[in-house]
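See structure below.
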Amino acid sequence: MKWIRWQGLLAFFVLSAVLLAFWFLFIDVIIKRQIEKTGTAIVGAKVELREADLTLFPLGLTLYGLRVTNPGQPMKNAFEAGRIAFTIDGANLIRKKYIIEEMAVEGVRLNTQRKSSGAIGRAKKGKGPEEEALKLLTFELPEVDEVIKKEKIESIKEIEGLNKEVKADRENFEKELKALPDEKKIREYERRIAALKGSRGFGGIVGGAGEALALKNEIQADLKRVAVFKDTVAVKTADYRKRVEAAALAPGRDVQKIVSKYSISPEGLKNLGSLFVGGRVREWVENGLEWREKLDRIVSREGKEGGAEVQKSLRGRGVDVQFHEYRPLPDFLIRKASVSFNIPSGDIAGAVTNITGDQDILGSPMRIRFYGERLKGLTSALLEGEINRVAPESPRDIINFSVKGYRLHDLLLTDNEYMTVALKEALADFDLNAEVKGGMINGHIGSAVRSALTEATVKAEKNPMLDTIAAAFSDVKAFNIDAKVDGKLDAYGLSVSSDLDRVLSGAVGGALRDKVAAFESGMRGELLEKTAEPLKELNGSFKGLIDVNGIAGERLKKFDELLAEAARGVIPLPKLGSLR
Amino acid sequence: MIRTVAKVLVVLNSGTAPGQISLALCLSMIAGLTPLLSLHNILVFFLVLGLKVNISSFMLGLAFFSAFAYALDPIFHLIGFKALSIGGLSGLWTSLYNITLFKLSNFYNSIVMGSLLFSIVVFIPLLLSLNYAIRKYREHVLTWLKKTPLAKTITASKFYEYYMSFSKLRGRL
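As you go down the protein sequences, you meet chains A and B in turn.
In terms of my numbering, the first sequence opens at residue 1 and continues consecutively.
In terms of my numbering, the second sequence opens at residue 1001 and continues consecutively.
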């Protein structure tokens, strides 16, 4: 007993009690800060919470006033939730398993205004493809000379580069041709053959047979050298022929490239309406993919190494090696989150089930379903989705969103530095189906707008083309928009078609086509003039190569004849094919 | 900190049992080398307060070993990861992993496991070595120091007598 310090034991229990009391007093603030910090890191913009309240009996948490900033529009909240309440399984909590059977999310509002910016860094703002495309509609085309000075003319480089190659090869082949057996050598062989044929008597025939064999071998060796050379030159010539033909078309390609950069392509002329609404559709798709990426951070789990699962931690904190659990449970799971939205049309209710980063353990995907009907200014709305990571190596996301009879007010179709087009009033049906699988997206967006009151305002000064477009927009009462999204997630293709195309193309298409044609014609003339001289030089070099090929062919033919002549009667004739 | 060091020196030079000092230092090694907010450290603090070990020595040791711990983390990680990856022990680790108390202890963390294993292995040898060192210090160094003319002069002075009386009085308060 002399080793026991009773006051110390008492101090230990008092200290433990004080620490527990301190924890209980400040845990609400700690939870609030932690939610704000983690949420902000996931969303990439401020996540704020008015209050958090932890209860011990039953063990649960209630959050009040959650605001999640829209990272793309920091002055707006992507959503707000008035109250989020749930109880948590205490027994599993001790095992570090956060299991929430049911969560209630009430008073959710979307796209609300913020008093201060919720950005946490500099917001990304680049010139979108829509603005780039619309710039073309102003048709302030530059002068052809200016464009030629400014742009890299690839065709001239291509022609000059090819000319250098052809010229160098031709010179090399000419040198090699000089080193090959020439006309002099052929005449010498002819003399020797004639001498052999002139041999008389038994002794002459016997002595001549040995010399004839030696002569045959010499001719065969020279024939082989010439044949190899001829083959090499022929292959090169055929290759260069294709490249020279392609080089002759290069100026045309440059013209197309430049024209499409500075003006609208023929396809663009057919899709004028899509040029205006395409940017907005792309924006919606990008927003959707951004939110999918954020959800992905919640439902994706850490990597596995070997048999034991290893969670990567920060330096100095080591790694957590996870072993097989006898009764496996996800580390975090919300089995069901019931959510009620307050939108201007009324309330929409729904639920999100199986929110977890361990879907493979749970064996079920996360599912989303919201439905509302007979609302004010909205006949029906249905959102269904599934985020499936049950087999983490083959993730699959599906979303179906359908809105019928939605009364639109002041929806901006486009707002750029040249003009603004807005739907002041309209009735719209909207359908979206998309699937993301194996890093590929495949989706379709369709919408039908009717009873539309459209307002278009031109910002650019004195631009009759845009004025005509604005007038055409104002007459539009109904239109459809169809969009297809296809391809890799990080480089998907978006094609938008709309019957606005027909309206706008009818209004300004002819005038735009004439302007494009004039610009293209000027550019083609200028480029053809600039490439005429290099093309002439290239053709000259290539002709020289063809000549070398011809000479080699002639020489090969003579050697073939020489060998046949020499072999006639005295020398056994070899198979000519074997020499090639 | 200077005050703590001074207190340790006083204890070292007093008649306090060597075991009280060395056990305090060994316990501080566990608390200092392993992550402080681990379950086993509650037991360490319970022992420090409940047993008559020298608290100043524990505090000084805690500061000393905590400073070392960060530099030794990569080694602890290697030891811990190796131990947790031994095939023959996987059954044991899996059983412990499924027991709530052990799950709370974070034993499956490579640094917790590595540092705890290291501390446990070193505990007894360090305890015995420190006991021996303290005894030898008191036998030789302290005896020699007390015999120096300077120490004799100081201890013989009135000022030292007053200081000792004051210290005893303060100790009782």
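The beta carbon of each residue, even a glycine, is placed where N, CA and C say it ideally should be.
Bear in mind that the values here come from a model prediction, so they are computed numbers and not experimental data.
- Any Cβ of chain A closer than 7 Å to the Cβ of B:H1040 would place that residue at the interface, and such an atom is absent.
- Taking 7 Å as the threshold, the shortest C-beta distance from B:N1054 to chain A does not fall below it.
- With a threshold of 7 Å between beta carbons, B:N1098 makes contact with chain A.
- A:N342 is a Cβ neighbour of A:R109, given a cutoff of 7 Å.
- Contact between the region 360 to 376 of chain A and the region 418 to 435 of chain A is absent: fewer than 3 CB-CB pairs across the two stretches fall below 8 Å.
- Comparing alpha-carbon positions, the option among A:D482, A:A470, A:L466 and A:I441 lying closest to A:V449 turns out to be A:D482.
- In this structure, the straight-line span from the alpha carbon of B:F1046 to that of A:L9 is close to 7 Å.
- Taking 7 Å as the cut-off, the beta carbon of A:Y492 is found closer than this to the beta carbon of A:I441.
- For B:V1141, the three-state secondary structure derived from DSSP is helix.
- Of all C-beta pairs linking the region 244 to 257 of chain A to the region 520 to 537 of chain A, three or more are shorter than 8 Å, placing the two stretches in contact.
- No Cβ of chain A is located within less than 7 Å of the beta carbon of B:K1007.
- At a cut-off of 7 Å between beta-carbon atoms, B:N1131 makes no contact with chain A.
- When C-beta distances to chain B are compared with 7 Å, the residues of the region 7 to 19 of chain A below that value are G8, L9, A11 and F12, in chain order.
- Between A:G522 and the set A:R389, A:E143 and A:K257, the nearest pair of CA atoms involves A:E143.
- In the three-state reduction of the DSSP assignment, B:S1105 falls in the coil class.
- Contact between the region 485 to 504 of chain A and the region 212 to 229 of chain A is absent: fewer than three C-beta pairs spanning the two stretches fall below 8 Å.
- Residue burial is scored here from C-beta neighbours: B:S1028 has at least 16 other C-beta atoms within 10 angstroms and is therefore classed as buried.
- 7 Å or more divides the Cβ of A:A471 from the Cβ of A:V458.
- Take the alpha-carbon of A:K46 and the one of A:T112: they are about 14 Å apart.
- Looking at the backbone, the Cα of B:L1150 and that of A:R33 are separated by about 60 Å.
- Listed in chain order, the non-local C-beta contacts of A:L295 below 7 Å within the same chain comprise I387, local neighbours out to five positions each way being set aside.
- Non-local C-beta neighbours of B:F1068 in its own chain, meaning closer than 8 Å and more than five positions away in sequence, comprise G1032 and L1033, ordered along the chain.
- Of the candidates A:I4, A:A221, A:G273 and A:A381, the residue whose Cα lies closest to the Cα of A:L180 is A:A221.
- Rounded to whole angstroms, the separation of the alpha carbons of A:T468 and A:K462 is 11 Å.
- A straight-line Cα-Cα distance of about 28 Å links A:I84 and A:G121.
- In summary, no residue of the region 275 to 294 of chain A has a CB separated from any CB of chain B by less than 7 Å.
- The beta-carbon separation of A:L383 and A:F370, rounded to 4 Å, stays under the 8 Å limit for a contact.
- For B:T1148, there are no CB contacts under 6 Å within the same chain when 5 residues up- and downstream are skipped.
- The beta carbon of A:R241 sits closer than 8 Å to those of F542, all from its chain and outside the five residues before and after it, given in chain order.
- Residue pairing by DSSP places A:G446 opposite A:D431 and A:D482 in a beta bridge.
- Scanning its chain for C-beta atoms nearer than 6 Å, with the 5 sequence neighbours on each side dropped, one finds around B:L1145 the residues A1151, in chain order.
- Annotated three-state conformation of A:E151 is coil, per DSSP.
- Along the region 314 to 333 of chain A, the positions whose C-beta sits under 9 Å from a C-beta of chain B are R315, G316, R317, G318, V319, D320, V321, Q322, F323, H324, E325, Y326 and R327, read in chain order.
- Inclusion of B:L1117 and B:I1079 in the CB contact set at 7 Å is warranted, their separation being smaller than that value.
- Around the C-beta of B:N1054, 16 or more other C-beta atoms lie within 10 Å, and the residue is accordingly described as buried.
- When 8 Å is used as the limit between beta carbons, B:F1045 is near these residues of chain A: F12, in chain order.
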